[in-house]
Every structure is written in C-alpha cells, then in structure tokens.
Amino acid sequence: MNDVFLSIIVPIYNVENYIEKCIASIIQNTSANFELILVIDGSPDNSISICKKYKEADKRIVILEKENGGLSDARNAGYKIAKGEYIWFVDGDDYIESDSIDIFFEKINKETDIFLFNYQEIYENKIVKFEKFENEEKISGHDLLLKYNNYGVQAWTQIYSKKFLDQHKIIFEKGAIYEDVLFNTQVYSKNPALQVIDNIFVNYVQRGESIMKKKQTIKNVESVLKILELYNRKDIINFFPKKFIINRHHYYFSLLFIFLHKSNMKKDEIMDLLNSISKKNFFVFTREYDSFIVKYIKRKLFPSKSVFIYKNWNFIFLLIRLDNLINR
C-alpha cells in the first residue's frame, strides 16, 4: 500500500437511526492510515452519544461538535481539520462497501486529483446499482463530461486530492440546496486529472420525501438560480462542452419552474423573478429559446399542465400546473 493518508468526513444531523451502520462500515477496515472525522452539526438527536461510543474504542475517529450550519458548513468544518492527503465526503445516513478503502489505497497515484467510483441506491425492497464505469481509466475532467455527460454531481462518489482543492480554493457554499453541483462544477472547471475505479464504494440509502415532493421555499429557488448563474460564467462556458452546458441549463431551468410551482412565492414575486431571468440571458447558446420559454411562462401565468419537447437536445420540459399559484 502506498504511504498516503485519507480523511473521511461525515456530517451528522438527525441520523441516529443510520449513523451506527455508517461508522461501522468505515472502521471495519483495519488500516491505520485513515482518519474518520465525525462533524456533529448541532444534531438534537442521540447521534453524538453513538459517535462518542465508537470514538472511545477507535483512535482513528475524530469528533468535531459545532452549531448547526447545514451540510456545506459541516463539510467545510471537517475539511479545515483534515490531515489527509485525500478527502472523502460520506453522508451520515449512507454506508460504504467493506473493501472500498483497501481498493482505494491500491489504486492511489499521486498524479491523480480525483478518484471516481460507482455506487448503489438502497431502497426498502430493492437495490439499484449505478455502475457508470465499466473499465478503469485515467481521464481529464473535460473528457469525462464529454463521455458521461452529467456525471460528477455527487460529492460522495469521488475522493479528492486535498492539494488540488487547496490550490484552487474550492469549498462548499454554505446554505445552498444543491451544494454538490456548485462544488463539483468549480472542481471540474479546473480540468482535474481523474482516475476511474470500477467498483461500488457507496450505498446511498433512500429515505423520506424527495426534494421534488416537498414544499419549496425561496431558498430553494435561489439555489437553482445560483447554479444557472454559475453555468453562465465565462470561465465555465469556455471550459465545459457546449452540449453539457445546454443540457445543464435545460435541466435546472425546468427544475426552477417546478420549484416555483411548489413554492410559497406570490404572483408578483414570480413575475419579477422571470423578468430578471429574461435580462440575465442564462441560455447563452439558445437565446431565442431562452426568450420563448420565459415569455411562455409569463404569458400563461400559469397554464394547466403543459409539455414542451426541445427536439434539438431531446429534452422534455415539464411545466406543471403553475396556474394554481394565482388562485391558491
């Protein structure tokens, strides 16, 4: 095994029913060459007692207690005290495969900035495998996006070189809903050297309501706007493949309208937002389409269920029943 040190950072908030399995899956690895940083993010449940129990029995565990600041803030806090050359962000309600750390140590190569791996989603009655990578390879960030289009969103599907993150001063944006998207878009814009690992590392546990089913707030809408603004930055546009940028714009623009449908915003607030979007020209490659879609929403304000197919990119916009925003 190479002489390397890995820091695994686990933010913890209201995961007492999951955190024991998460910790156990990590510390079952016998290597002394990693640390497990448990960031207690003001969690009001019994998670901290569980963490302290494990810390007493394992010197590789570090506990950091802080006031609640959200997932991004907890990750950043753990990152600040991390000693490892490589960083792995694992969520407290997920767990890793028993051989993942050993496999990572076997694959380490100092020229690699990011290691990517497969994962599987764990449901109550089924397991869905996401084996995006079939062959191990070294690849650039730009080429990865050309080949796999939208891969690289989740922070927990990757292990990062701390030197790379420090060099480019990349951290998570506090308070953002889609923190992984904002984080990894900046990471990949620096064209990191990537190493693909053809193994499942993470078990992504599905629980509760998805964000699409929840009542949305202005914070959620603002988070999507931040992503659209990021994809409209000149350095991002110049680096990422054109098709990738357009697909991302389409996806988050449609998500924005769905969030508006589920939000607590008033009619005049939505109109102001749509007018602002029109002026910002988020769709840098599709200006006519940008104008059309915003005018369409404003004109209908808001129609009954509509589906628009953008044939050039085979993308379907779901503009669903926005009319009840007026009449609720």
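Per the numbering used here, the very first residue in the sequence shown carries number 470; after that it's consecutive.
In this text, a Cβ means the ideal position worked out from N, Cα and C, and glycines have one as well.
For residue i, the nearest candidate out of the options (CA to CA)
i: L585; options: L724, I706 and L663; result: L663
i: F503; options: I608, W557, D741 and K712; result: W557
i: D534; options: Y523, S692, I517 and K522; result: It is Glu, not Asp, that sits at residue 534 in the sequence shown. Of the candidates Y523, S692, I517 and K522, the one whose C-alpha sits nearest the C-alpha of E534 is I517.
i: Q589; options: K601, K579 and N578; result: K601
i: E698; options: I478, Y721, F713 and D562; result: Y721
i: I565; options: C520, M734, N668 and Y700; result: N668
i: T626; options: F633, L634, V559 and Y487; result: V559
i: S494; options: E525, D563 and Y555; result: D563
i: K659; options: V622, S609 and I519; result: S609
i: N483; options: K607, I596 and S512; result: S512
i: K643; options: H719, R544 and I519; result: R544
i: N578; options: H719, K607 and N587; result: K607
Cβ-based burial, residue i [other Cβ within 10 Å; buried from 16]
i: Q497; result: exposed
i: A624; result: buried
i: S567; result: exposed
i: V656; result: buried
i: S773; result: At S773 the pLDDT is 44, less than 50, meaning the model places this residue with poor confidence; the figure from the coordinates comes in the next sentence. By the 10 Å Cβ count, S773 comes out exposed.
i: D635; result: exposed
i: D704; result: exposed
i: I477; result: buried
i: E580; result: exposed
i: A526; result: exposed
i: N594; result: exposed
i: N537; result: exposed
i: K712; result: exposed
i: I646; result: buried
i: I746; result: buried
i: N587; result: buried
Length of the line joining the Cα atoms of residue i and residue j
i: K576; j: S500; result: 15 Å
i: L725; j: R529; result: 42 Å
i: I714; j: N515; result: 43 Å
i: Y629; j: F670; result: 14 Å
i: Q675; j: K632; result: 32 Å
i: M740; j: I492; result: 47 Å
i: D542; j: K695; result: 17 Å
i: I706; j: R717; result: 11 Å
i: G553; j: F652; result: 19 Å
i: K638; j: L540; result: 18 Å
i: Y487; j: K688; result: 27 Å
i: T654; j: V622; result: 8 Å
i: F709; j: N701; result: 11 Å
i: I481; j: Y523; result: 14 Å
i: A598; j: M734; result: With the sequence shown as reference, residue 598 is identified as Lys, and Ala is not the correct amino acid for it. Near 38 Å, if we compare the C-alpha coordinates of M734 and K598.
i: D737; j: G547; result: 41 Å
i: D510; j: A551; result: 16 Å
i: S732; j: L742; result: 13 Å
i: K490; j: L505; result: 14 Å
i: H719; j: I596; result: 29 Å
i: K616; j: E648; result: 23 Å
i: Y555; j: S723; result: 36 Å
i: N744; j: H730; result: 17 Å
i: N614; j: E485; result: The amino acid at residue 614 is misidentified as Asn; the sequence shows Leu. Looking at the two C-alpha atoms, the distance is approximately 36 Å.
Residue i - partner residues in DSSP beta bridges
i: D510; result: K535
i: A662; result: S609
i: V674; result: I591
i: P480; result: V508
i: S630; result: Y555
i: L585; result: Q627 and V665
i: K598; result: Q589
i: I565; result: V671
i: Y530; result: Note on identity: in this sequence residue 530 is Ile, with Tyr being the wrong assignment. For I530, which the question treats as bridged, DSSP gives the partners L505.
i: L475; result: F503 and Y555
Whole-Å CB distance - residue i paired with residue j, under 8 Å assumed
i: I573; j: L475; result: Residue identity check: residue 573 is Phe in the sequence provided, not Ile. Indeed they touch by this definition, with Cβ atoms about 7 Å apart.
i: K549; j: I532; result: Rounded, the Cβ-Cβ distance is 15 Å, inconsistent with contact.
i: N672; j: I570; result: Wrong, their Cβ atoms sit about 14 Å apart, outside the cutoff.
i: D582; j: P661; result: 4 Å
i: V665; j: E605; result: 5 Å
i: G561; j: V650; result: That belief does not hold up - the Cβ atoms of G561 and V650 are roughly 20 Å apart, past 8 Å.
i: F728; j: V693; result: 6 Å
Chain B contact for residue i (CB, 8 Å cutoff)
i: L742; result: Absent from the structure is chain B; it holds one protein chain and no more.
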